[in-house]
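S.K.: For the sequence shown, the working numbering begins at 6 and goes up steadily by one. All C-beta atoms in this analysis are idealised placements derived from N, C-alpha and C, irrespective of residue type, glycine included. Treat the numbers as computed from the prediction; the structure is a model and nothing was measured. I have a structure I would like to understand better, so I am pasting it below and will then ask my questions one at a time.
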Amino acid sequence: MLSGGEATPAVMENRTEGIRQLMLNELGEFGEKHYPKIALRVRYAQDAQGLWYARGDVMAVLSAMQGETIARQKVGSITKMFEGLLPGSLGSRRSSLN
């Protein structure tokens, strides 16, 4: 992130695209073939907020493909990438399940 200020729109767009690419990479060819609606939702999300809301679907697909433990780890890593991209009301919340 830029020191001492907010990220520029270009930086935010680059970070959003990085998240999108990681989500699509995690789905892989198998995920895109067997869960095309989820892949399309990720591919065409208009912004970081759209990708944020797609995490649950990505979690479900990864759980089906690789098991819940691995899916939780991967989605946890993806979630960390959203830091600074979302309005304050959308960030991760502490859960008693963690």
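Going by CA-CA distance only, name the one from Gln51, Leu29 and Asp52 that's closest to Pro41.
M.R.: Residue mapping note: residue 41 aligns to position 36 of the sequence shown, counting from 1. Nearest option by C-alpha distance: Leu29.
S.K.: For Ser8 and Val80, what's the separation of their Cα atoms in angstroms?
M.R.: Against the sequence shown, residue 8 aligns to sequence position 3. Against the sequence shown, residue 80 aligns to sequence position 75. Residue confidence is low: Ser8 scores 40 on pLDDT, short of 50, so the model does not pin down where it sits. Its coordinate-derived value is still stated next. Those two C-alpha atoms are separated by around 27 Å.
S.K.: Assuming Phe87 contacts Ile24 under a Cβ cut-off of 8 Å, what Cβ separation, rounded to an integer in Å, is found between them?
M.R.: In the sequence shown, residue 87 corresponds to position 82, counting from 1. In the sequence shown, residue 24 corresponds to position 19, counting from 1. Yes, they are in contact, since the Cβ atoms of Phe87 and Ile24 sit about 7 Å apart, within 8 Å.
S.K.: Please report how far the alpha carbon of Leu91 lies from the alpha carbon of Val47, in whole angstroms.
M.R.: Reading the sequence shown from its first residue, position 86 is the one you call residue 91. Reading the sequence shown from its first residue, position 42 is the one you call residue 47. So the two alpha carbons sit approximately 16 Å from each other.
S.K.: Can you give the Cα-Cα distance for Ala76 and Ala65, rounded to whole angstroms?
M.R.: In the sequence shown, the residue the question calls residue 76 occupies position 71. In the sequence shown, the residue the question calls residue 65 occupies position 60. The straight-line gap from Cα to Cα measures roughly 8 Å.
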